[in-house]
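Its first residue numbered 2, the sequence shown is counted upward by one per residue in my numbering.
Note that the Cβ used here is the ideal one computed from N, Cα and C, for glycine as well.
All remarks here apply to the structure that follows.
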Amino acid sequence: MQHPTATGPWPELIMRSFLIAGTSALAPEKPVYGPWNRLLNTMFPPDTMFEVVPQVPPVTFREAVDFVVFFLIYVEATPVFIVEVKPPDELRPASRRREADEQLRLRLGDLLFDAKIPVLHGISAFGSKMAFYKLTRDTLRLEPSRIAPELDKLTDIAPRAWWAYDVLEEEGAQKFRKVVEEVKEMCGHCSF
């Protein structure tokens, strides 16, 4: 079987993994997790202090059609970074973005009190499209700021523009690397 090839900001194996996932005939939600797992294990290698742990929330926290996988990066038993991954076709509906935003905000809040680093970073990803979140422990400030819904009209409280970065494009890859390096630097200054 001949696989497509791709060039971009990552090694060919990672780029090809994302490309194959985007063109797979399998169920659309299944292939996208593999490339993210590969990328995160490249950025946080298993022979370092970091451990990449995939988690699927219990069914009671989501509808069966709203399938999500969180990749939590731990140092020992302490969370230091989180990536929420959803299928790329779910980016278009505003309701799916709203759910993703709420799920990541809740998860960051749950993890904050176990965190030892001053800032807990999170990424919400629909396929390769990313929105970046940042929760500061001391102030409890979470960015991006929440958009309040208006009572008398529909409000896009998780605008598509938040997912403007693509991990497969140079600008998105650079932003992703910058966040990872910040996480690693904070971890280097903490005792776990």
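Residues bridged to residue i (per DSSP)
i, result
"PHE83", "Here residue 83 turns out to be Ile, not Phe, going by the sequence shown. LEU73 and GLY123, per the DSSP bridge assignment."
"LYS130", "PHE127 and ASP167"
"LEU136", "LEU121 and LEU143"
"PHE51", "VAL76"
CA nearest to the CA of residue i, picked from the options
i, options, result
"ARG39", "PHE114, ILE118 and LEU14", "LEU14"
"PRO145", "GLY9, SER18, TRP164 and PHE72", "TRP164"
"MET16", "PHE193, GLY128, LEU136 and ARG147", "GLY128"
"PHE114", "ASP139, VAL180, CYS191 and GLN104", "ASP139"
"THR49", "GLN56, PRO55 and LEU41", "LEU41"
"VAL33", "TYR134, ALA126, GLU183 and GLN175", "ALA126"
Distance cut-off 7 Å: residue i Cβ against heavy atoms of the ligand ATP
i, result
"PHE71", "For the ligand ATP, the structure offers nothing, since it holds no ligand at all."
First and last residue of the uninterrupted alpha helix (DSSP H) at residue i
i, result
"LEU113", "95 to 113"
"PRO36", "34 to 44"
Chain-order list of residues whose beta-carbon lies under 6 Å from that of residue i (same chain, five-residue window excluded)
i, result
"ILE74", "PHE45, PHE51, VAL53, VAL81 and PHE82"
Where residue i falls: helix, strand or coil (DSSP)
i, result
"VAL57", "coil"
"GLU172", "helix"
"LYS154", "coil"
"PRO12", "coil"
"LEU20", "helix"
Cut-off 7 Å between Cβ atoms - residues of its own chain near residue i, not counting five sequence neighbours on either side
i, result
"GLY173", "MET131, TYR166 and ASP167"
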